[in-house]
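Under full-length UniProt numbering, the sequence shown is numbered contiguously, ending at residue 132.
A virtual CB, placed ideally from N, CA and C, is assigned to each residue, including glycine.
Model, not experiment: these values are computed from the prediction.
Below is one structure, written out as structure tokens; the observations come after it.
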Amino acid sequence: MAIGHDCVVPRELELQAGFSSLLSMSSLPCCKCSPEDLATAYNNRGQIKYLRVDFYEAMDDYTSAIRVQPTFEVPYYNRGLILYRLGYFDDALEDFKKVLDLNPGFQDATLSLKQTILDKEEKQRRINEKNY
1 MAIGHDCVVP
11 RELELQAGFS
21 SLLSMSSLPC
31 CKCSPEDLAT
41 AYNNRGQIKY
51 LRVDFYEAMD
61 DYTSAIRVQP
71 TFEVPYYNRG
81 LILYRLGYFD
91 DALEDFKKVL
101 DLNPGFQDAT
111 LSLKQTILDK
121 EEKQRRINEK
131 NY
């Protein structure tokens, strides 16, 4: 297992460095990245950070992708997954609903939305039981 991990981590770091370089260059006047490419780079770098369990940094990149291209549904979904994992169900619900506004056929977002609603209700039920 350690051998496989040793191969993956350097590759992830290399990819993250590449995305970071692209993002840095995009702010230069001579470099014209399309909003789509820039948003994809932020989203992809966020995925690498997510895989490294750097959730807050990943969310920052997903949020940057959304700022650059608000109609790109994937970073909303990715950010929603992290918010869900961290227990921020209301924020996760907002992101999953936004995904479905942008792309009603996004099945994973539909499933995530339903699961988030169930888990939020379960959490509230436990709180109510604890208070009685």
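Burial state of residue i (16 or more Cβ within 10 Å)
i           : result
residue 40  : buried
residue 131 : exposed
residue 118 : exposed
residue 127 : exposed
residue 134 : Beyond the ends of the chain as shown, which are 1 and 132, falls residue 134; an answer cannot be given.
residue 38  : buried
Collapsed DSSP secondary structure at residue i in the structure displayed
i           : result
residue 136 : The structure shown does not extend to residue 136, since the chain is modelled only from 1 to 132, so the question has no answer here.
residue 32  : coil
residue 46  : helix
residue 135 : It is not possible to answer for residue 135, since the shown part of the chain is limited to 1 through 132.
residue 128 : helix
Beta-carbon proximity check, residue i vs residue j, cutoff 8 Å
i           : j          : result
residue 120 : residue 89 : yes
residue 79  : residue 62 : yes
residue 43  : residue 75 : yes
residue 71  : residue 96 : no
residue 77  : residue 53 : no
residue 106 : residue 82 : no
Where the alpha helix (DSSP H) containing residue i begins and where it ends
i          : result
residue 75 : 73–85
residue 60 : 55–68
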